[in-house]
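Enquirer:
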Amino acid sequence: MPSYVISKSRFVSGCQCSKKLYFDIHRRELKPPIDDSQQALFDAGHEIGNLAQTRFPGGIDASPENYYDFSASIAQTISLIKSGTTTIYEAAFSADGVMAALDILHHEGNERWAIEVKSSTGVKDYHLTDASLQYWVMKQSGFAPDRFFLMHIDNSYILGDGLDVTRFFKLADITDAVIDKQSWVNEKLKELRNVVSSPTEPIIDIGQHCSNPFGCDYMHHCWQHIPNNSVFKLSYARGKDWELYKNGIIELSSIPDEFKLNHRQKMQVDGAKNGSEYVDRDSIETFLSSWKYPLYFFDFETIFPSIPVCSGTRPFQQVPFHYILSTTVNQITANANF
Numbered sequence: 414m415p416s417y418v419i420s421k422s423r424f425v426s427g428c429q430c431s432k433k434l435y436f437d438i439h440r441r442e443l444k445p446p447i448d449d450s451q452q453a454l455f456d457a458g459h460e461i462g463n464l465a466q467t468r469f470p471g472g473i474d475a476s477p478e479n480y481y482d483f484s485a486s487i488a489q490t491i492s493l494i495k496s497g498t499t500t501i502y503e504a505a506f507s508a509d510g511v512m513a514a515l516d517i518l519h520h521e522g523n524e525r526w527a528i529e530v531k532s533s534t535g536v537k538d539y540h541l542t543d544a545s546l547q548y549w550v551m552k553q554s555g556f557a558p559d560r561f562f563l564m565h566i567d568n569s570y571i572l573g574d575g576l577d578v579t580r581f582f583k584l585a586d587i588t589d590a591v592i593d594k595q596s597w598v599n600e601k602l603k604e605l606r607n608v609v610s611s612p613t614e615p616i617i618d619i620g621q622h623c624s625n626p627f628g629c630d631y632m633h634h635c636w637q638h639i640p641n642n643s644v645f646k647l648s649y650a651r652g653k654d655w656e657l658y659k660n661g662i663i664e665l666s667s668i669p670d671e672f673k674l675n676h677r678q679k680m681q682v683d684g685a686k687n688g689s690e691y692v693d694r695d696s697i698e699t700f701l702s703s704w705k706y707p708l709y710f711f712d713f714e715t716i717f718p719s720i721p722v723c724s725g726t727r728p729f730q731q732v733p734f735h736y737i738l739s740t741t742v743n744q745i746t747a748n749a750n751f
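Going by the numbering used here, the first residue of the sequence shown is number 414, and it counts up by one from there.
So, in structure tokens, the structure goes:
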């Protein structure tokens with residue numbers, strides 16, 4: 414296979430930021446290890462993917478033994494298609510140095526269906542990005558799908574006595590959308606091939622692309638020049654942080670006095686410049702004096718499972734599983750001497 418293989422994940426990385434793609438290939442040592450929260454998201458995604466396979470049961474899994482080498486998976490996929498296999502899980506295709514694996518390849522009558530599974534509740538723009546690349550690779554390798562679906566969770570589904578996968582998942586036909594993006598995929602691939610073959614990394618400043626559509630694994634590297642008390646800590650900035658940054662202002666204490674800020678932001682900047690504090694004693698005293706005893710303190714914990722665990726609940730519905738109720742009988746004296 415070519416030295417520089419652009420996979421689906423790398424293509425999505427490159428669409429977000431070409432420097433991110435360059436790091437994915439040439440400076441992988443910069444990538445931090447996966448933390449527990451990321452692993453939990455990956456595990457949840459795998460669970461949804463496995464559940465989606467039961468929507469099209471009886472398929473053959475073409476997953477590779479080594480995820481750094483898809484050659485055997487690609488060969489197996491082609492063999493299974495030619496032998497008339499109805500459903501293939503993790504079908505893999507390659508063409509012109511580009512590789513993509515598809516969650517489910519299904520043959521319905523005389524039609525070939527490409528099905529990509531997402532744990533979201535609808536079709537997002539970035540879903541069309543990777544689906545369009547998958548279509549491109551399948552077409553270039555001689556196995557263009559007749560229809561392309563995005564399978565996502567139906568958050569209106571209510572769990573009954575057991576999970577009904579035919580109602581839990583929705584199939585959104587995105588065939589026309591991915592076909593419309595084929596010329597864009599061609600141009601984007603030319604651009605990204607130049608990125609990965611270059612001896613130097615792209616010169617790209619930080620921007621809103623660093624967290625859109627995903628938080629970038631390399632922010633710790635690219636954002637080294639940003640201090641802790643930066644303009645990006647401005648309360649409810651609503652774009653003012655990037656306006657300041659683009660004008661060369663990085664620290665809160667460097668924000669000019671004439672720059673338009675609301676009352677809360679002015680207090681924050683004044684604190685950064687002068688070390689001043691603001692305490693609204695009157696409001697605190699009024700709030701504390703309104704308490705009536707005994708007081709009860711109710712604390713609870715909830716989960717938002719993508720796959721509902723309780724009958725009568727929906728996907729991602731907030732479900733409480735633990736609570737603590739405590740009380741205090743003695744009155745707390747309001748004291749404004751902070």
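Glycine included, each C-beta is placed from N, C-alpha and C at the ideal position.
Does the separation of the CB atoms of L541 and I587 fall below 8 Å?
Expert: Taking the first residue of the sequence shown as position 1, residue 541 is located at position 128. Taking the first residue of the sequence shown as position 1, residue 587 is located at position 174. In this structure, I587 lies closer than 8 Å to L541 by Cβ.
Enquirer: Roughly how many whole angstroms lie between the Cα atoms of R525 and I662?
Expert: As a working note, residue 525 is residue 112 in the sequence shown. As a working note, residue 662 is residue 249 in the sequence shown. About 55 Å.
Enquirer: Roughly how many whole angstroms lie between the Cα atoms of Q466 and L674?
Expert: Here residue 466 is taken as the residue at index 53 of the sequence shown, counted from 1. Here residue 674 is taken as the residue at index 261 of the sequence shown, counted from 1. Those two C-alpha atoms are separated by around 52 Å.
Enquirer: Taking 8 Å as the threshold (C-beta atoms), are P615 and V830 in contact?
Expert: Outside the shown range of the chain (414 to 751) lies residue 830, about which nothing can therefore be said.
Enquirer: Please tell me whether V550 and A485 are closer than 8 Å, where the distance is taken between their beta carbons.
Expert: Numbered from its first residue, the sequence shown carries residue 550 at position 137. Numbered from its first residue, the sequence shown carries residue 485 at position 72. Not closer than 8 Å, so no.
Enquirer: Within 10 angstroms of its Cβ, does Q451 collect 16 or more other Cβ (buried), or is it exposed?
Expert: Position 38 of the sequence shown, counted from the start, is the residue given in the question as residue 451. So Q451 counts as exposed.
Enquirer: Between which two residues does the alpha helix (DSSP H) containing G596 stretch?
Expert: Translated into positions along the sequence shown, residue 596 becomes position 183. Looking at the sequence itself, residue 596 is Ser, so the reference to Gly does not match. S596 -> alpha helix (DSSP H) spans Q595 to S610.
Enquirer: Is it true that the CB of I473 sits closer than 8 Å to the CB of T498?
Expert: The residue given as residue 498 occupies position 85 in the sequence shown. The residue given as residue 473 occupies position 60 in the sequence shown. Against a cut-off of 8 Å, the Cβ pair of I473 and T498 comes out as a contact.
Enquirer: Using only alpha-carbon positions, find the residue among Y502, Y481, Y480 and N479 that is nearest to T490.
Expert: Position 77 of the sequence shown, counted from the first residue, corresponds to residue 490. Taking only the C-alpha atoms, the option nearest T490 is Y502.
Enquirer: Return the chain-ordered list of same chain residues with a C-beta closer than 6 Å to the C-beta of M564, the five sequence neighbours on each side being excluded.
Expert: Taking the sequence shown and counting its residues from 1, the one referred to as residue 564 is at position 151. If we look at M564 and ignore the five residues flanking it on each side, its Cβ neighbours are A465, I528, V530, F582 and L584.
Enquirer: Quick one: residues in its chain with C-beta nearer than 6 Å to the C-beta of C635, no 5 flanking neighbours on either side, listed in chain order?
Expert: As a working note, residue 635 is residue 222 in the sequence shown. Counting only Cβ-Cβ distances below 6 Å, and skipping sequence neighbours, we find I619.
Enquirer: Based on Cα-Cα distance, which residue from I487, I447 and I716 lies nearest to P477?
Expert: The residue labelled residue 477 in the question sits at position 64 within the sequence shown. The shortest Cα separation from P477 among I487, I447 and I716 belongs to I487.
Enquirer: Please tell me whether Q554 and F483 are closer than 8 Å, where the distance is taken between their beta carbons.
Expert: Here residue 554 is taken as the residue at index 141 of the sequence shown, counted from 1. Here residue 483 is taken as the residue at index 70 of the sequence shown, counted from 1. Checking the sequence, you will find Ser at residue 554 rather than Gln. Contact: no.
Enquirer: Measuring only the C-alpha atoms, how far is S533 from I566?
Expert: Here residue 533 refers to the residue found at position 120 when the sequence shown is read from its first residue. Here residue 566 refers to the residue found at position 153 when the sequence shown is read from its first residue. The straight-line gap from Cα to Cα measures roughly 6 Å.
Enquirer: What is the rounded straight-line gap between the Cα of G725 and the Cα of L572?
Expert: Taking the sequence shown and counting its residues from 1, one reaches residue 725 at position 312. Taking the sequence shown and counting its residues from 1, one reaches residue 572 at position 159. Answer to the nearest angstrom: the Cα atoms are 5 Å apart.
Enquirer: Grab the span of the beta strand (DSSP E) containing E361 for me, first residue to last.
Expert: Examination of residue 361 is not possible in this model, given that the chain is present from 414 through 751 alone.
Enquirer: If you reduce the DSSP assignment to three classes, tell me which class W636 lands in.
Expert: On the sequence shown, residue 636 is found 223 positions in, with the first residue counted as 1. Note: W636 maps to coil in three-state DSSP.
Enquirer: Between the Cα of D543 and the Cα atoms of H459, H519 and K601, which residue gives the shortest distance?
Expert: The residue you call residue 543 lines up with position 130 of the sequence shown. Measuring from the Cα of D543, the nearest candidate turns out to be K601.
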